[in-house]
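Chemist: Chains as they are written, first to last, in my numbering: chain A, 2 to 329; chain B, 2 to 329. Cβ coordinates follow ideal geometry from the N, Cα and C atoms, glycine included. Keep in mind the model is a prediction, meaning the values are calculated, not measured.
2 protein chains.
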Amino acid sequence: MVTIAEVAAAAGVSPSTVSRTFATPDLVKQPTRERVLAVGERLGYAPNPIARSLAMGRTASIGLLVPDVANPFFAEIVKAIQARARGKGYTAFLADTDEHESEEVELAEAMVLQVDGLVLVAPRMADEHIPAVAARCPTVLVNRVVGDLRAVTAPARDGMRQAVEHAAALGHRHCCYVSGPRHSWSNQQRQEAMRSACEDAGMRLTEFGPFEARFDSGVHAADLVRACGATCVVAHNDMVALGLLARFSERGIAVPREISVIGVDDTLLARSSNPLLTSVRLPLSSLGRRAVDLVVDLVMQPGRGAVPVMELDSQLRVRRSTGPAPAA
Amino acid sequence: MVTIAEVAAAAGVSPSTVSRTFATPDLVKQPTRERVLAVGERLGYAPNPIARSLAMGRTASIGLLVPDVANPFFAEIVKAIQARARGKGYTAFLADTDEHESEEVELAEAMVLQVDGLVLVAPRMADEHIPAVAARCPTVLVNRVVGDLRAVTAPARDGMRQAVEHAAALGHRHCCYVSGPRHSWSNQQRQEAMRSACEDAGMRLTEFGPFEARFDSGVHAADLVRACGATCVVAHNDMVALGLLARFSERGIAVPREISVIGVDDTLLARSSNPLLTSVRLPLSSLGRRAVDLVVDLVMQPGRGAVPVMELDSQLRVRRSTGPAPAA
DNA sequence: ATGAGAAATCATAGCGCTCTCATTTGGCCG
DNA sequence: CGGCCAAATGAGAGCGCTATGATTTCTCAT
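Have a look at this one:
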């Protein structure tokens with residue numbers, strides 16, 4: 002490993018000058034800069050980010066805590082965050098908590114020490130632990146709101162309202178909502194949105210759940226849905242919707258002829274299902290990008306800014322799984 | 002931020018002793034250790050990993066380069082790698098190259114400086130760039146073999162042979178293979194495996210492609226497959242298989258009654274499709290774990306070990322998308 | 001007791017960089 | 001041509017930790 006001192010010696014300047022040519026190039030006169038750069042090139046010099054971090058007290062990296070990267074929903078957010086971070090000169094530490102609350106706190110604590118900022122994606126972690134973490138490191142929450150911490154969320158509200166209106170327009174009069182995990186922030190938002198949208202649209206609503214947000218839950222719920230006589234079902238998320246689809250197909254119930262199915266998240270799954278799934282699109286990439294922007298702002302000028310929580314819109318994507326209500 | 006010196010002062014010992022109580026606790030006598038620990042606790046001390054890295058020349062972190070985390074295939078590997086790394090006391094830097102070759106090299110170069118080891122997942126990067134990276138940092142390749150670099154792969158060979166035998170047993174006499182990207186290592190392996198398995202089984206094989214590994218490719222290929230008269234089709238991966246499924250369904254071609262469909266990778270997609278997809282399961286988690294084990298070994302004792310490339314088995318998972326060949 | 005040898009602890013020089021302050025250089029005006 | 005201010009560069013003290021060699025403190029067998 003070649004150090005700044007070697008370059009300095011070889012170029013006949015002081016280490017400070019070498020440091021400056023890499024950190025603040027316009028503070029060094031052009032001929033000097035070029036000479037140093039040339040020598041650096043020749044020697045294969047590259048500034049050591051670790052040493053730089055120690056000296057500056059900043060690491061140019063952000064920590065990213067997600068419950069499950071293998072879940073397409075989170076994967077998409079992670080991808081966006083990583084990309085945006087890099088675009089801003091930051092690298093991202095990834096920590097997958099595998100849905101374990103205890104690990105979450107522990108991991109967050111560990112990260113705090115080696116990152117400039119933290120992005121917590123819909124953490125399982127109990128409300129009370131979050132401020133403790135946030136106090137030690139600029140933190141942005143994704144899809145969760147706690148106290149007055151910065152957060153960027155995509156409540157499916159608009160999209161679910163659109164879903165209900167879409168169903169109503171197709172002649173449906175009775176909807177089901179297959180609910181997700183009770184304590185999930187997303188589910189609470191979605192459930193509430195369904196209720197209010199159905200009420201406003203004069204749509205009858207039957208709710209089932211809570212269920213785990215899994216394929217099997219959909220399989221399970223399908224029969225309940227069918228039995229209650231609804232002609233349209235909105236699932237907590239795409240995965241559950243696919244379970245519904247599978248079970249309906251197995252039972253020979255035609256989608257959308259006999260029953261319409263709507264998912265939420267509009268992940269990869271919705272775009273590759275059979276039939277293609279009508280789903281509420283959440284702006285996952287924007288979510289990630291905004292989170293990074295926020296956290297970087299926070300790192301740059303702590304305590305600035307107005308709105309603590311930023312809400313992004315959602316929108317229904319109509320595909321093949323919804324159609325006119327069957328004639329009664 | 003509380004430093005080692007403050008703890009040392011408060012505990013009435015030297016900084017070295019504090020350092021040791023955290024790094025090599027059994028080198029310090031019990032009463033001392035307890036006192037230091039207590040003081041540390043009280044002051045809220047935690048060793049600064051950055052400073053430690055600089056002093057030790059090791060960062061306890063590994064770099065992880067993937068083409069696309071939003072792809073369930075890579076997401077699963079990433080998850081496993083991250084988990085295993087953490088289990089071994091390492092943190093993982095994630096870099097998603099978004100399939101761009103140029104960024105890959107650049108990102109790898111950048112990571113080399115701040116990680117102890119590198120795991121490159123099926124990089125797009127041209128063969129010749131890889132040794133350059135590997136020369137500067139212990140490196141393990143996943144699903145790719147270059148020179149005599151360490152690698153862990155899961156060629157779908159066994160699984161594809163099983164797929165062909167499965168088809169043959171069901172009475173199929175003519176298979177298609179919908180090929181993936183020409184330069185993809187995986188595709189080369191899979192194509193080769195299909196050819197040899199079909200030859201051995203006396204199965205007629207028709208190949209289509211190369212195609213991008215996307216849903217649309219399957220949609221596109223479906224009509225070609227149908228027209229060629231084959232009764233069974235193996236796709237490069239699950240995503241493509243889902244495209245086939247979708248198009249067959251759209252055209253009213255019953256799966257598996259009229260045609261059987263087989264995917265490869267056995268991702269989430271295969272386990273939530275309609276019908277559920279028969280697919281070749283690749284041990285993605287093991288792949289990730291082995292990669293970490295290898296890279297950590299390499300970090301610990303460079304240049305040791307025998308087998309450079311480790312091959313993992315694959316296995317067919319039979320589900321609902323395959324059935325008896327239709328009577329001719 | 002007592003000295004040898006092991007165990008525990010101390011003191012401190014780095015790790016490679018940045019940043020502040022001091023010094024030198026250059027340009028420009030009276 | 002001296003003097004002054006700004007621009008460019010140099011010197012060196014940290015950043016918080018580990019690691020090495022020096023020193024002190026314990027064991028015991030003699």
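Can you pull the chain B neighbours of T60/A, defined as C-beta to C-beta under 8 Å?
Modeler: Counting from 1 along the first sequence, the entry for residue 60/A is found at position 59. Going along chain B in sequence order, the residues near T60/A (Cβ under 8 Å) are I51.
Chemist: Within the same chain, show all residues whose beta-carbon is closer than 7 Å to that of D97/A, passing over the 5 residues directly before and after it, in chain order.
Modeler: Mapped onto the first sequence, residue 97/A falls at position 96. Only V67, D69, V70 meet the Cβ criterion.
Chemist: Measure the beta-carbon distance from A202/A to M161/A and round it to whole angstroms, keeping in mind my assumption that it falls under 8 Å.
Modeler: Counting from 1 along the first sequence, the entry for residue 202/A is found at position 201. Counting from 1 along the first sequence, the entry for residue 161/A is found at position 160. That pair is no contact at about 11 Å.
Chemist: By a C-beta neighbour count over all protein chains shown, 10 Å radius and 16 as the cutoff for buried, is M301/B buried or exposed?
Modeler: Locating residue 301/B in the second sequence gives position 300, where the first residue counts as 1. The residue in question, M301/B, is exposed, as its Cβ has fewer than 16 Cβ neighbours within 10 Å.
Chemist: Does any C-beta atom of chain B lie closer than 7 Å to the C-beta of E77/A?
Modeler: Taking the first residue of the first sequence as 1, we reach residue 77/A at position 76. For E77/A, the answer is yes, since a Cβ of chain B falls inside 7 Å of its Cβ.
Chemist: With distances taken Cα to Cα, identify the nearest neighbour of A47/A among A6/B, E107/B, N188/B.
Modeler: To locate residue 47/A, count along the first sequence from 1; it is residue 46. Among A6/B, E107/B, N188/B, the Cα nearest to that of A47/A belongs to E107/B.
Chemist: Taking only beta-carbon atoms, is V70/A less than 7 Å away from chain B?
Modeler: Stepping through the first sequence from its first residue, residue 70/A is reached at position 69. Chain B contact via Cβ: present.
Chemist: Just grab the DSSP bridge partners of E312/A for me.
Modeler: Here residue 312/A corresponds to residue number 311 of the first sequence, with the count starting at 1. Answer is T154/A.
Chemist: Could you please give the first and the last residue of the uninterrupted alpha helix (DSSP H) stretch that includes L206/A?
Modeler: On the first sequence, residue 206/A is found 205 positions in, with the first residue counted as 1. First-last for L206/A: 205-209, but that is the beta strand (DSSP E), not the alpha helix (DSSP H).
Chemist: Along the segment 261-276 of chain B, where does the CB come closer than 8 Å to a CB of chain A? Name the residues.
Modeler: Cβ contacts with chain A: L269, L270, R272, S273, S274, N275, P276.
Chemist: At 7 Å on the CB atoms, spell out the chain A contacts of A136/B, in chain order.
Modeler: Translated into positions along the second sequence, residue 136/B becomes position 135. Those within 7 Å of A136/B in chain A number zero; the least Cβ separation is about 12 Å.
Chemist: Grab the span of the beta strand (DSSP E) containing C233/A for me, first residue to last.
Modeler: Your numbering for residue 233/A matches position 232 in the first sequence. Per DSSP, C233/A belongs to the beta strand (DSSP E) from 233-236.
Chemist: Along the segment 273-297 of chain B, where does the CB come closer than 8 Å to a CB of chain A? Name the residues.
Modeler: Under the 8 Å Cβ criterion, the segment 273-297 of chain B contributes S273, S274, N275, P276, L277.
Chemist: Is the beta carbon of R85/A sitting closer than 7 Å to the one on R272/A?
Modeler: Position 84 of the first sequence, counted from the start, is the residue given in the question as residue 85/A. Position 271 of the first sequence, counted from the start, is the residue given in the question as residue 272/A. In this structure, R272/A does not lie closer than 7 Å to R85/A by Cβ.
Chemist: Evaluate V262/A with the Cβ neighbour count: other Cβ atoms within 10 Å of its Cβ, from every protein chain shown; 16 or more gives buried, anything less gives exposed.
Modeler: One-based indexing of the first sequence puts residue 262/A at position 261. That one is buried.
Chemist: How far does the alpha helix (DSSP H) with V14/B in it extend, from its first residue to its last?
Modeler: The residue you call residue 14/B lines up with position 13 of the second sequence. Segment: none, V14/B is in no alpha helix (DSSP H) and carries neither H nor E.
Chemist: Check distances from the C-beta atoms of the segment 77-96 of chain B to those of chain A and list, in chain order, the residues that come in under 8 Å.
Modeler: Within the segment 77-96 of chain B, the residues whose Cβ lies closer than 8 Å to some Cβ of chain A are E77, V79, K80, Q83, A84, R87, T92, A93, F94, L95, A96, listed in chain order.
Chemist: Is there a Cβ of chain B sitting closer than 7 Å to that of F209/A, yes or no?
Modeler: On the first sequence, position 208 is the one that residue 209/A refers to. Not closer than 7 Å to any Cβ of chain B, the Cβ of F209/A fails to qualify, so no.
Chemist: Would you list the residues sitting across from A93/A in a DSSP beta bridge?
Modeler: Here the question's residue 93/A lines up with position 92 in the first sequence. DSSP, once it has assigned bridges, lists I63/A, L95/B as partnering A93/A.
Chemist: Going along chain A in order, which residues have a C-beta closer than 8 Å to the C-beta of F74/B?
Modeler: Position 73 of the second sequence, counting from 1, holds the residue named residue 74/B. None at all; the shortest Cβ gap to chain A is about 10 Å.
Chemist: Quick one: which residues of the segment 106-119 of chain A get their C-beta closer than 7 Å to a C-beta of chain B? List them in chain order.
Modeler: Against chain B - using a Cβ distance shorter than 7 Å - the residues of the segment 106-119 of chain A are L114, Q115.
Chemist: Kindly indicate which three-state DSSP category V106/A falls into: helix, strand or coil?
Modeler: Numbered from 1 along the first sequence, position 105 holds the residue referred to as residue 106/A. Looking at V106/A - three-state DSSP - the assignment turns out to be helix.
Chemist: Hey, is F216/A's beta-carbon within less than 7 Å of any beta-carbon in chain B?
Modeler: By 1-based counting over the first sequence, the position of residue 216/A is 215. Yes, contact with chain B.
Chemist: What would DSSP say about I263/B, mapped onto helix, strand or coil?
Modeler: Position 262 of the second sequence, counted from the start, is the residue given in the question as residue 263/B. Of the three classes helix, strand and coil, the one that applies to I263/B here is strand, per DSSP.
Chemist: Helix, strand or coil: how does DSSP classify C138/B here?
Modeler: The residue you call residue 138/B lines up with position 137 of the second sequence. In this structure, C138/B counts as coil in the three-state DSSP scheme.
Chemist: Using three-state DSSP, classify C199/A as helix, strand or coil.
Modeler: Stepping through the first sequence from its first residue, residue 199/A is reached at position 198. Reduced to three states, the DSSP call for C199/A is helix.
Chemist: Tell me where the alpha helix (DSSP H) around V226/A begins and ends.
Modeler: Within the first sequence, numbered from 1, the residue matching residue 226/A stands at position 225. Its alpha helix (DSSP H) spans residues 216-228.
Chemist: Who are the neighbours of L299/A on chain B, taking C-beta pairs under 8 Å?
Modeler: Numbered from 1 along the first sequence, position 298 holds the residue referred to as residue 299/A. Chain B residues near L299/A: none, gap ~18 Å exceeds 8 Å.
Chemist: Taking the CB atoms as reference points, tell me whether T323/B and T279/B lie closer together than 7 Å.
Modeler: By 1-based counting over the second sequence, the position of residue 323/B is 322. By 1-based counting over the second sequence, the position of residue 279/B is 278. Closer than 7 Å, so yes.
Chemist: Measuring alpha carbon to alpha carbon, tell me which residue in G172/A, R191/A, A169/A, I131/A is nearest D159/A.
Modeler: Counting from 1 along the first sequence, the entry for residue 159/A is found at position 158. Comparing Cα-Cα distances from D159/A to each of G172/A, R191/A, A169/A, I131/A, the minimum goes to R191/A.
Chemist: Please state the DSSP three-state secondary structure of S185/B.
Modeler: If you number the second sequence from 1, residue 185/B lands on position 184. Reduced to three states, the DSSP call for S185/B is coil.
Chemist: So is A164/B in contact with chain A if we call contact Cβ pairs under 7 Å?
Modeler: On the second sequence, position 163 is the one that residue 164/B refers to. A164/B does not count as touching chain A.
Chemist: Only counting the same chain, and skipping five residues up and downstream in sequence, which positions put a Cβ closer than 6 Å to that of L206/B?
Modeler: Looking up residue 206/B in the second sequence gives position 205. Excluding residues within five positions, the ones whose Cβ falls inside 6 Å are C176, C199.
Chemist: If you run the structure through DSSP and keep just helix, strand and coil, what is H101/B?
Modeler: Taking the first residue of the second sequence as position 1, residue 101/B is located at position 100. Note: H101/B maps to coil in three-state DSSP.
Chemist: Taking 7 Å as the threshold (C-beta atoms), are L65/B and V153/B in contact?
Modeler: Here residue 153/B refers to the residue found at position 152 when the second sequence is read from its first residue. Here residue 65/B refers to the residue found at position 64 when the second sequence is read from its first residue. No. Outside cutoff.
Chemist: Would you be able to state if there are at least three C-beta pairs under 8 Å between the segment 31-42 of chain A and the segment 31-38 of chain B?
Modeler: Touching, no.
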